[in-house]
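By numbering that gives the first Met the number 0, the letter at position 239 of the sequence shown is numbered 238, and the numbering carries on one by one without gaps. Cβ atoms here follow ideal geometry from the backbone N, Cα and C, with glycine treated the same way. Please read the structure below before turning to the comments.
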Amino acid sequence: MGSRQFSRKAVLRAALAAGVAVPAALLGVPALARTVNAKGGAVVPTPSCHDGDEPTIPQTEGPYFKPNSPLRTSLVDPGTVGTLLSVTGYVFGLACLPLRDVLLDFWQADDNGAYDNYGYTFRGHQFTNAQGMFTLSTIVPGLYPGRTRHIHVKVQAPGQSILTTQLYFPNEPRNNTDSIFDPRLVMTVRDGSGGREATFDFVLDVPQTGTTTPTTPTTTTTTTTTGPNPPGGGSWAAGTSYAAGDRVTYGGVAYVCLQGHVAQTGWEPPAVPALWRVA
Ligand SMILES: [Fe+2]
Numbered sequence: 000m001g002s003r004q005f006s007r008k009a010v011l012r013a014a015l016a017a018g019v020a021v022p023a024a025l026l027g028v029p030a031l032a033r034t035v036n037a038k039g040g041a042v043v044p045t046p047s048c049h050d051g052d053e054p055t056i057p058q059t060e061g062p063y064f065k066p067n068s069p070l071r072t073s074l075v076d077p078g079t080v081g082t083l084l085s086v087t088g089y090v091f092g093l094a095c096l097p098l099r100d101v102l103l104d105f106w107q108a109d110d111n112g113a114y115d116n117y118g119y120t121f122r123g124h125q126f127t128n129a130q131g132m133f134t135l136s137t138i139v140p141g142l143y144p145g146r147t148r149h150i151h152v153k154v155q156a157p158g159q160s161i162l163t164t165q166l167y168f169p170n171e172p173r174n175n176t177d178s179i180f181d182p183r184l185v186m187t188v189r190d191g192s193g194g195r196e197a198t199f200d201f202v203l204d205v206p207q208t209g210t211t212t213p214t215t216p217t218t219t220t221t222t223t224t225t226g227p228n229p230p231g232g233g234s235w236a237a238g239t240s241y242a243a244g245d246r247v248t249y250g251g252v253a254y255v256c257l258q259g260h261v262a263q264t265g266w267e268p269p270a271v272p273a274l275w276r277v278a
């Protein structure tokens, strides 16, 4: 009987999943804004999320994070023991628009509740695709003393700060006794063919204009650029494929690469602590 509406994010998610065209009204009316502007009227501001889609909350990293995880969407090997689990979802910004090229770095315990602190079993990073979607193939993590069942993740959009958080499972007895557990981070989980299927959408604290031609550019005129890449000189260059351990300089500072990746504008070393640290 209530008048509760579907959240815009939920509708957008369904449309994206179905591969159908998303109505401009859901995408922040960029076309409308431009049309109005062309007629000389005021530009319609892009609406923000008014449907309760607060940014995903952060949680403690815990003691078991390791940098330099492999680039992969599947953490399952032929000999993997456990209940297969897929986790899929989207990463959105504050205007409910999906974010592409977002780095997601997952790590979790094995079926026995143990972390691999020597190698990279059940550790891996990936990037959202052009639709802002990620897919993780793994197993249901085992339990270990003091915690309920969970998956750790770091999420970072290009040039933005890192969100470190954890994902939880519904109907777990220990959810009631784990002081770190938060119901806002519970995935939607169902039984699928050959395993369990979970979904979770992240909302990052990333401003979005909803248009590719911002009316108020945030960039300022470059004044002291000495080359096409790093200001002040340096060896870092967009388009270069870097491996973990590679060293570059950027703006007079030396950095060491933490994750193999292809450099791109927006992923300059000072802006992406998930990929580079000061040497
Ligand atoms: Fe953990």
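Residue i (DSSP reduced to helix, strand or coil)
{"i": "residue 148", "result": "coil"}
{"i": "residue 183", "result": "helix"}
{"i": "residue 206", "result": "coil"}
{"i": "residue 173", "result": "helix"}
{"i": "residue 270", "result": "helix"}
{"i": "residue 252", "result": "strand"}
{"i": "residue 96", "result": "coil"}
{"i": "residue 122", "result": "strand"}
{"i": "residue 168", "result": "coil"}
{"i": "residue 83", "result": "strand"}
{"i": "residue 191", "result": "strand"}
{"i": "residue 234", "result": "coil"}
{"i": "residue 153", "result": "strand"}
{"i": "residue 139", "result": "coil"}
{"i": "residue 261", "result": "strand"}
{"i": "residue 218", "result": "Note that residue 218 has pLDDT 37, beneath the 50 cutoff, so the model's placement of it is unreliable and the number below is only indicative. DSSP places residue 218 in coil when its eight states are reduced to three."}
{"i": "residue 109", "result": "coil"}
{"i": "residue 73", "result": "strand"}
{"i": "residue 129", "result": "coil"}
{"i": "residue 115", "result": "coil"}
{"i": "residue 60", "result": "coil"}
{"i": "residue 197", "result": "strand"}
{"i": "residue 88", "result": "strand"}
{"i": "residue 277", "result": "strand"}
{"i": "residue 299", "result": "The question about residue 299 has no answer here: the residues shown for the chain are numbered 0 through 278."}
{"i": "residue 245", "result": "coil"}
{"i": "residue 55", "result": "coil"}
Proximity test, residue i beta-carbon vs ligand 1 heavy atom, cut-off 6 Å
{"i": "residue 61", "result": "yes"}
Reference residue i; option with closest CA among the options
{"i": "residue 151", "options": "62, 259, 187, 243", "result": "62"}
{"i": "residue 73", "options": "55, 110, 121", "result": "121"}
{"i": "residue 261", "options": "148, 165, 126", "result": "126"}
{"i": "residue 203", "options": "94, 255, 113", "result": "94"}
{"i": "residue 66", "options": "113, 118, 100", "result": "118"}
{"i": "residue 259", "options": "250, 252, 241", "result": "241"}
{"i": "residue 248", "options": "276, 238, 184", "result": "276"}
{"i": "residue 164", "options": "185, 145, 251", "result": "185"}
{"i": "residue 199", "options": "192, 206, 187", "result": "187"}
{"i": "residue 88", "options": "101, 79, 81", "result": "101"}
{"i": "residue 79", "options": "138, 201, 263", "result": "138"}
{"i": "residue 278", "options": "246, 250, 169", "result": "246"}
{"i": "residue 53", "options": "206, 169, 116, 108", "result": "206"}
{"i": "residue 282", "options": "161, 113, 129, 131", "result": "No answer is possible for residue 282: the residues shown for the chain start at 0 and end at 278."}
{"i": "residue 109", "options": "167, 131, 75", "result": "75"}
{"i": "residue 111", "options": "136, 132, 143, 270", "result": "143"}
{"i": "residue 77", "options": "99, 136, 250, 131", "result": "136"}
{"i": "residue 239", "options": "181, 252, 256", "result": "256"}
{"i": "residue 86", "options": "174, 250, 178, 168", "result": "168"}
Burial state of residue i, where buried means 16 or more other Cβ atoms lie within 10 Å
{"i": "residue 68", "result": "buried"}
{"i": "residue 28", "result": "Residue confidence for residue 28 is low, a pLDDT of 30 falling below 50, so the modelled location carries little weight and cannot support an answer."}
{"i": "residue 56", "result": "exposed"}
{"i": "residue 92", "result": "buried"}
{"i": "residue 268", "result": "buried"}
{"i": "residue 123", "result": "buried"}
{"i": "residue 176", "result": "exposed"}
{"i": "residue 134", "result": "exposed"}
{"i": "residue 140", "result": "buried"}
{"i": "residue 313", "result": "Here the chain covers residues 0 to 278 and nothing more, so residue 313 does not appear."}
{"i": "residue 157", "result": "buried"}
{"i": "residue 274", "result": "buried"}
{"i": "residue 70", "result": "exposed"}
{"i": "residue 97", "result": "buried"}
{"i": "residue 104", "result": "buried"}
{"i": "residue 263", "result": "exposed"}
{"i": "residue 197", "result": "buried"}
Closer than 7 Å to chain C by CB, residue i
{"i": "residue 130", "result": "Of the protein chains in this structure there is only one, and it is not chain C."}
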